[in-house]
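Colleague: Residue numbers (the working numbering): 287 to 674. Virtual Cβ for every residue (Gly too), placed ideally from N, Cα, C.
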């Protein structure tokens, strides 16, 4: 009985003690203010900022030539390895030459016959002229001899042309590379009958890989915008225009530098874009025709621009803001207007003029009027990368 009373007292005291401790802890926490948000800050500056602009692009060979047969016949041989590099003038295919050998011999025989006729006509003309001077023949006979000679001479010229044509046709039985470049697959296999129609004469294509052409489109609105910026002095550009580099599929920039060699003077009514082409050296053949890349236009400069990190900007439902810090590190929101995207930064068109101190990291923890703890203050630098 005595032990049971002790246990009852213990069970009654423990809950009361626990409740008392909880109440004290709650009062203690309620009396302690949360620490100020820890942030990083930057000092806004104005500077000339490189403006690199990227566009989706596709690569083409600078020349792509169809290799077509110029004579018909049986395709005897393909002499190149498909996909290999060939030099201009290399033999790619051989067509059966027998018919063209025979045609050449026939043309040469006809030429010899006509040359013999020409010699007879020359002798007859010379003899007629000689006796005409003696008054032995009439003017009509003299003119007739002269005409026969001229006719024989014309026939010889025609025969010589036939020989040249036959020689050309025989030469065409060896189909040669029209340019230096990379060959494609054959379109007609050995043993096929080659004809001279559009589908029957195509044998392969040869593509020049150095340099390559990079084709891309610039929105017409952006073309107008850049012209206005240049006119207003907001941006500058080299006299010979911006350079073009390629960002490859792995994200790296190709080392060779190209230049724009064509810009359309008309805006495509369907896409609203202007076609542009750049020529980029490709000495190692790394860039293949048909591949997709990003064309990076470099050389333009934004003059006296304010650029801040993208992470310093908050996008709300009704506004775009940054947090300004005063001398006591009190944060206040300020509305800004964004311009170009420069790498990982935003150009600020209005709202910041330079010299302000703004929160660059930790803005999500900040509320208007809150005092913050600044761990580090840096000078704002232009974002690196390309405008999108």
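Taking the straight line between their C-alpha atoms, what separation do you get for residue 456 and residue 351?
Modeller: The alpha-carbon atoms of residue 456 and residue 351 are separated by roughly 22 angstroms.
Colleague: Taking the CB atoms as reference points, tell me whether residue 489 and residue 476 lie closer together than 9 angstroms.
Modeller: No, Cβ-Cβ distance for residue 489 and residue 476 is not below 9 angstroms.
Colleague: Counting beta carbon pairs with one atom in the segment 364 to 376 and one in the segment 550 to 567, are three or more of them shorter than 8 angstroms?
Modeller: no
Colleague: Can you tell me where the beta strand (DSSP E) with residue 556 in it begins and where it stops?
Modeller: No beta strand (DSSP E) contains residue 556, which DSSP labels as neither H nor E.
Colleague: Where does the unbroken beta strand (DSSP E) through residue 434 begin, and where does it stop?
Modeller: Run containing residue 434: none in the beta strand (DSSP E); it sits in the alpha helix (DSSP H), 425 to 458.
Colleague: Given residue 614, which residues of its chain have a CB within under 8 angstroms of its CB, disregarding the five upstream and five downstream residues?
Modeller: Around residue 614, the same chain offers 657 as residues with beta carbons nearer than 8 angstroms, after the five sequence neighbours per side are excluded.
Colleague: For residue 477, does the three-state DSSP call read helix, strand or coil?
Modeller: coil
Colleague: Just the C-alpha distance for residue 444 and residue 566, rounded to the nearest angstrom, thanks.
Modeller: 49 angstroms
Colleague: List the endpoints of the continuous alpha helix (DSSP H) containing residue 613.
Modeller: Where residue 613 is concerned, there is no enclosing alpha helix (DSSP H), given that its DSSP letter is neither H nor E.
Colleague: Can you check which of these residues, 637, 628, 392 and 581, is closest to residue 606 by C-alpha distance?
Modeller: The option with the nearest alpha carbon to residue 606 is 637.
Colleague: Helix, strand or coil for residue 416 per DSSP?
Modeller: helix
Colleague: Where does residue 335 land, buried or exposed, given buried means 16+ other C-beta within 10 angstroms?
Modeller: buried
Colleague: Alpha carbon to alpha carbon, how far is residue 417 from residue 426?
Modeller: If you take the alpha carbons of residue 417 and residue 426, they lie about 13 angstroms apart.
Colleague: Hey, out of 356, 385 and 537, whose CA is closest to residue 255's CA?
Modeller: The structure shown does not extend to residue 255, since the chain spans only 287 to 674, so no value can be given for it.
Colleague: In terms of residue numbering, what span does the alpha helix (DSSP H) encompassing residue 570 cover?
Modeller: No alpha helix (DSSP H) holds residue 570; DSSP gives it neither H nor E.
Colleague: Rounded to whole angstroms, what is the Cα-Cα separation between residue 654 and residue 620?
Modeller: Whole-angstrom Cα-Cα distance: 10 angstroms.
Colleague: Near residue 322, which residues of its chain fall below 6 angstroms by C-beta distance, leaving aside the five closest residues on each side in sequence?
Modeller: 657, 658 and 659
Colleague: Please identify the residue among 388, 460, 333 and 434 whose C-alpha is closest to the C-alpha of residue 361.
Modeller: 460
Colleague: DSSP has residue 503 in a bridge; who is on the other side?
Modeller: 561
Colleague: Measure the alpha-carbon distance for residue 392 versus residue 438 and round it to whole angstroms.
Modeller: 19 angstroms
Colleague: Counting pairs of beta carbons, one from the segment 492 to 499 and one from the segment 388 to 407, are three or more of them closer than 8 angstroms?
Modeller: no
Colleague: Bridge partners of residue 341, per DSSP?
Modeller: 581
Colleague: Along the beta strand (DSSP E) that carries residue 536, what are the first and last residues, could you check?
Modeller: Per DSSP, residue 536 is not a residue of any beta strand (DSSP E), being assigned neither H nor E.
Colleague: Smallest Cα separation from residue 487: which of 390, 358 and 650?
Modeller: 358
Colleague: With DSSP run on the structure shown, which of helix, strand or coil describes residue 393?
Modeller: Helix at residue 393.
Colleague: Assign residue 633 to one of two classes, buried (16 or more other C-beta atoms within 10 Å of its C-beta) or exposed (fewer than that).
Modeller: buried
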